[in-house]
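Remarks on the structure that follows.
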Amino acid sequence: MGLLSLFLPYLGLIFTIAYSGRIWNQPAVRQIVAWLVFTAVILVLAIWQNNLPVWINACDAAIGVGLGTAVFVFILKRSLDFNLALAWLLGLEIAYHLLRALVFGSGLAEISTQTAPDIQRWLQLSPQMTQRVMDLWLNYQPALFGAAQITGVYFGCLLFNLTSPFKHRLRQVRFPYPLVLMVIAALALSLYPLTHLGGINLLILLVMVYLIQGAGVLSYFWGDFFARARLLRALFILAVIVNLYLLLLIALTGVLDVWFDFRKFNKMEETNESDPD
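Quick note: the sequence shown uses numbering that gives the first Met the number 0, first residue 0, plus one each step.
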């Protein structure tokens, strides 16, 4: 099993979140039993194969996908607050991937070393560049795998409205204020030598989270325009993907939205314009 196979559970997460709306009306007990059965099947398969990549995939599937989806549906069904449910889901994914790095760090490093020649061949890298890629990989595994998980959550939520009776457009996403305190904590950890790597990994994951909120702000103001101008939308998405600074700017917009609530200003203007003189 190669390095890329470790990312397979994240593809499953997209469809699990997307179709979680179909179990909306199921009793909580039935949902818990379904997750336990799913976890038991995954555990049996892992014991049968009994090798490190399979165990990592099993944990990703049972916790990152199964438990994450169960928490999302449970909180959303009881609170009817999409922002709160999504924040809990993303918080669980971040905590899991930090713990995952501690438990499987040495094993992932071994897998990375074994697959280094394949990476060098695929990317046509020199030995020096391959070593740099491996150094980045070993130091920022939580951020890399966590970012893949958060991306899966985002695309799953885009499809969620197609199957769920609870409709909530991602352009309205606004995370609870306490989450921004984690950004401040991550910045503090990144400045201290002993916790520098952990702080940077956590900061990258939180940037991914607020990238979702920042994208919501942009979609709120310009989503309808880009829906009509499909070519411009495609070009904008391409520019965002390849431009790191633009990604950071969108994430910063998401963080600032915690304090300024940019969408609220626009709603106030619309209200004032609709009021009779």
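Beta carbons are placed, not taken as given, at the ideal position from N, Cα and C, and that holds for glycine.
None of the values given here were measured: they were computed from a predicted structure.
Span separating the alpha-carbon of residue i from that of residue j
{"i": "Val70", "j": "Cys58", "result": "16 angstroms"}
{"i": "Leu75", "j": "Val208", "result": "18 angstroms"}
{"i": "Val259", "j": "Leu97", "result": "Sequence inspection shows Phe at residue 259; the Val mentioned does not correspond to that position. Spanning the two alpha carbons is a distance of roughly 30 angstroms."}
{"i": "Gly11", "j": "Phe220", "result": "31 angstroms"}
{"i": "Ala146", "j": "Trp136", "result": "13 angstroms"}
{"i": "Ile211", "j": "Trp34", "result": "27 angstroms"}
{"i": "Pro141", "j": "Ala94", "result": "10 angstroms"}
{"i": "Glu269", "j": "Ile16", "result": "Bear in mind that a pLDDT of 49 at Glu269, under 50, signals an unreliable position, so the model cannot answer this."}
{"i": "Phe14", "j": "Asn160", "result": "12 angstroms"}
{"i": "Gly253", "j": "Ile110", "result": "35 angstroms"}
{"i": "Val132", "j": "Thr112", "result": "11 angstroms"}
{"i": "Leu251", "j": "Leu157", "result": "22 angstroms"}
{"i": "Asp134", "j": "Arg99", "result": "18 angstroms"}
CB-CB length for residue i against residue j, believed under 8 angstroms
{"i": "Leu201", "j": "Ala185", "result": "4 angstroms"}
{"i": "Leu51", "j": "Gly106", "result": "5 angstroms"}
{"i": "Leu196", "j": "Asn138", "result": "6 angstroms"}
{"i": "Arg170", "j": "Ser218", "result": "4 angstroms"}
{"i": "Val152", "j": "Leu247", "result": "About 20 angstroms; that fails the 8 angstroms criterion."}
Check whether residue i and residue j have beta carbons under 7 angstroms apart
{"i": "Phe103", "j": "Gly65", "result": "no"}
{"i": "Val172", "j": "Asn82", "result": "yes"}
{"i": "Gly20", "j": "Ser163", "result": "yes"}
{"i": "Pro8", "j": "Ala60", "result": "yes"}
{"i": "Glu92", "j": "Gln30", "result": "no"}
{"i": "Val206", "j": "Asp256", "result": "no"}
Terminal residues of the alpha helix (DSSP H) in which residue i lies
{"i": "Ile62", "result": "Per DSSP, Ile62 belongs to no alpha helix (DSSP H) and is neither H nor E."}
{"i": "Phe71", "result": "67-78"}
{"i": "Phe154", "result": "140-159"}
{"i": "Asp256", "result": "243-259"}
{"i": "Asn56", "result": "51-58"}
{"i": "Ser163", "result": "Segment: none, Ser163 is in no alpha helix (DSSP H) and carries neither H nor E."}
{"i": "Pro177", "result": "177-190"}
{"i": "Thr15", "result": "7-17"}
Quiz item: Using 8 angstroms as the Cβ pair cut-off and three pairs as the minimum, do the segment 190-199 and the segment 172-180 touch?
Solution: As far as the Cβ criterion goes, the segment 190-199 does not touch the segment 172-180, which means the pair count is below three.
Quiz item: Can we say the segment 77-91 touches the segment 41-61, given the rule of at least three CB pairs closer than 8 angstroms?
Solution: no
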